[in-house]
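So the structure is just underneath, and the comments pick up after that.
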Amino acid sequence: MPSDQDWLSNPLGVVQDLVADEKISNLDWEKRALEYFQEKLKETEAASWVPSLNDVPLHYLKPNSLVKFRCMVQDMFDPEYYMGVYESVEPSTQARVLHIGKYRDVAECEPQHEVDLQSQNNITMERQTFYCVPVPGEAQWVKESYASSSQARVSPSTSYTPCRHKRSYEEDEDMDAQPYKEKEQFTATDAQADSKRLETEASLAQQSSAPTCSPPLDLNFPLPGEKGPACLVKVYENWENFKVNDIMDVYGVLSVDPALSVLGDHRDDALSVDPMEADEEQRVHSPPASLVPRLHAVLAHKLKHVNPLVPASLCTEDGTSFVSDFLTDLVTVRAELLGLLTGVLLGDGVAAEYLLLHLVSDVYARHDVLPLGKFTVNLSGCPCPSNYTERLYRIIQLLVPCSYHLCMTLHNMNSLTFIPRKDYSANRLVSGVLQLARNTSLFVDETQLEQGQLDSAGVQNLAALGNLITWQKVDYDFNFHRMEFPCNINVLIASEGRSLLPFDCQVHLQPQVVPPHLEQYMQSLQDALLPSLLTKFRIYLSLVRHLEYSISAEVTKAVEDDFVEMRKNEPRSVSAEDLHRMLVIARLLSLSVGQTSLSRERWQRTKELEILRRRRLEQQKCVNGNEL
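According to this note's numbering, the stretch in the sequence shown is residues 5 to 632, in order.
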């Protein structure tokens, strides 16, 4: 049996050992291997022993070792076939050996052996490849928290000595039925040089400003300026459960074999109708392994959130205990958070309460095309000459796991790509700014919009942003048609007057304090935040949005009666849209104090908040003389 640490450093050897006493043609070995790694990762702190691609440079990780990757599915390629089981033969003695091909990119066999492609013992299997990128807009505190919890010990890898015979599984379908011949031998010196090459090539490949013969590989990150590893994740079980934009936590076998970088040079061009298109597709789908490693998923989980302070699943025994413990202190944490937001919004308590409700909002269901639970807030009246909105975003960035500050300058609106599109020549999905993970906070800064003309791209981007807010969906561009991708993005719009974009609720900011140095005032609020308090706020905002919620029949009847009465008193100013907004606010108010059902008290507070909000909008309308 393998030693205690073999499952980390040599998972492929572990799989081979686990099935040594089984008939390899019996696919029960797959189940046994999966159960083995599941049990290992259940051990106390075992997951923290696995090094992460998010935290550790690629050249520090040992090839064919077990690593993990926290990522978003940016694109999915066509399923591929590979040799799950293959047989090698020694020509002189005809000695035969069966090998496992799962979790590998290239076939391996003993010296003097050749892969027998005609063997009846070969088993062809199928796997799905996802192109994955780090979670867009992930906060620095999230990265640091995950990195600090890791107990993995890594050092630059120089022990990779692949003295074996290799070929790509993906080429098997297109190759002649001839035994694979040895093409290359590696020495220990070559292995050390190759490790150094991995480090150098990865560094140079990202320097897009350096002159090269061909354009640098676009890692296809959704947000401009993003950094981190991209990875081809190959999933073997239940891949139909994953889709584009899902967040994944993957434990898998790292593959950075140098042979992967040159496989494209040895393909049969005669099979391609258009060599130029085939070259581009090959370049995108088989990038250098030193820049885009392959990760063969042993275990893959879909994540609901990336907050490291909250259990991944709240339905487990540990998750339930965590929730119940935090609920005892929830009201106090809410009051402290509301105090912070009030200070950030210059003493405006009403606006602070609406901002808090926005931060805990979540699309919990869809009724036909209508997303239920979204709460897009337009915070109007923001100080324009200063960089107040930037400081406001920095505070929000400290609180939420994922966010993005979208400055609505003319340049950004006309030049950024908002909508992902399909590139058929490369057969890939080219990303856009609106390809974001669920519960990402999108801070739209409309105070940055200066006078000028939006071009056709800017108009399309503005329409796409409006559709996201209204319907919580993005129509990806597939050239000949548009395909709807549902999303769950929290949009906060900061503006001087009423926003150009649609919204669910407009709250006009009424500062109660006017600091002489606004930037220093905002910085002092940020500096005064204690780490322990920040931790509570971060847990609170992630936790309450996942609580269950319901309305009793008694309260439903009381709400209906209230609405009828309001319609009698103000028939022109109270509509069905107002009732829908009030029900959303009532739900968020209840969840924000840890209540999973609507009470009369929370409904009454909802009406009070709406009266205050509408009253200040009317006052602002009278001041400006314009319709808000």
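Here a beta-carbon is modelled for each residue, glycine too, at the ideal position from N, C-alpha and C. The structure displayed is predicted, hence computed values, not measured ones.
Three-way DSSP call (helix, strand, coil) for residue i in this model
i, result
"residue 615", "helix"
"residue 375", "strand"
"residue 567", "helix"
"residue 442", "coil"
"residue 317", "coil"
"residue 66", "coil"
"residue 240", "coil"
"residue 589", "helix"
"residue 306", "strand"
"residue 526", "helix"
"residue 17", "helix"
"residue 535", "helix"
"residue 124", "coil"
"residue 463", "helix"
"residue 22", "helix"
"residue 117", "coil"
"residue 262", "helix"
"residue 246", "coil"
"residue 468", "helix"
Residue from the options with nearest C-alpha to residue i
i, options, result
"residue 605", "534, 304, 594 and 122", "594"
"residue 397", "619, 530, 285 and 327", "530"
"residue 331", "544, 73 and 559", "544"
"residue 107", "385, 131, 149 and 508", "131"
"residue 153", "301, 58, 353 and 464", "58"
"residue 446", "258, 227, 610 and 612", "227"
"residue 528", "11, 348 and 93", "348"
"residue 237", "221, 509 and 260", "260"
"residue 560", "578, 607 and 614", "607"
"residue 81", "516, 290 and 225", "290"
"residue 508", "361, 524, 123 and 146", "361"
"residue 540", "142, 314, 250 and 39", "314"
Under 7 Å between C-beta atoms of residue i and residue j
i, j, result
"residue 434", "residue 422", "no"
"residue 248", "residue 77", "yes"
"residue 603", "residue 554", "no"
"residue 365", "residue 592", "yes"
"residue 497", "residue 450", "yes"
"residue 473", "residue 380", "yes"
"residue 318", "residue 327", "yes"
"residue 468", "residue 418", "no"
"residue 505", "residue 470", "yes"
"residue 485", "residue 624", "no"
"residue 120", "residue 93", "yes"
"residue 37", "residue 45", "no"
"residue 149", "residue 375", "no"
"residue 363", "residue 356", "no"
"residue 390", "residue 501", "no"
"residue 68", "residue 16", "yes"
"residue 522", "residue 392", "yes"
Nearest-angstrom Cα separation, counted from residue j out to residue i
i, j, result
"residue 304", "residue 297", "17 Å"
"residue 155", "residue 53", "5 Å"
"residue 272", "residue 431", "For residue 272, the predicted structure reports a pLDDT of 37, less than 50, and the residue's modelled location is therefore unreliable. The matter cannot be settled from this model."
"residue 369", "residue 477", "13 Å"
"residue 90", "residue 98", "15 Å"
"residue 536", "residue 546", "16 Å"
"residue 95", "residue 116", "8 Å"
"residue 140", "residue 229", "10 Å"
"residue 414", "residue 454", "7 Å"
"residue 448", "residue 581", "24 Å"
"residue 566", "residue 621", "23 Å"
"residue 262", "residue 110", "10 Å"
"residue 104", "residue 239", "16 Å"
"residue 176", "residue 233", "Per-residue confidence for residue 176 stands at a pLDDT of 41, beneath the threshold of 50, marking its modelled position as unreliable; no derived number is given."
"residue 277", "residue 288", "Model confidence at residue 277 stands at a pLDDT of 35, short of 50, so the residue's coordinates are unreliable; what they give is reported in the following sentence. The alpha-carbon atoms of residue 277 and residue 288 are separated by roughly 18 Å."
"residue 87", "residue 113", "13 Å"
"residue 408", "residue 483", "27 Å"
"residue 490", "residue 373", "10 Å"
"residue 616", "residue 386", "18 Å"
Cβ-heavy atom distance, residue i to the ligand ADP, below 6 Å
i, result
"residue 456", "Among the ligands in the structure shown, none appear at all, so the ligand ADP cannot be discussed."
Integer Cβ distance of residue i from residue j, believed to fall under 8 Å
i, j, result
"residue 252", "residue 136", "7 Å"
"residue 503", "residue 382", "4 Å"
"residue 514", "residue 352", "5 Å"
"residue 235", "residue 299", "5 Å"
"residue 258", "residue 65", "6 Å"
"residue 598", "residue 404", "The Cβ separation is near 19 Å, so there is no contact."
"residue 72", "residue 255", "5 Å"
"residue 22", "residue 11", "Actually they are not in contact, since the Cβ atoms of residue 22 and residue 11 sit about 10 Å apart, beyond 8 Å."
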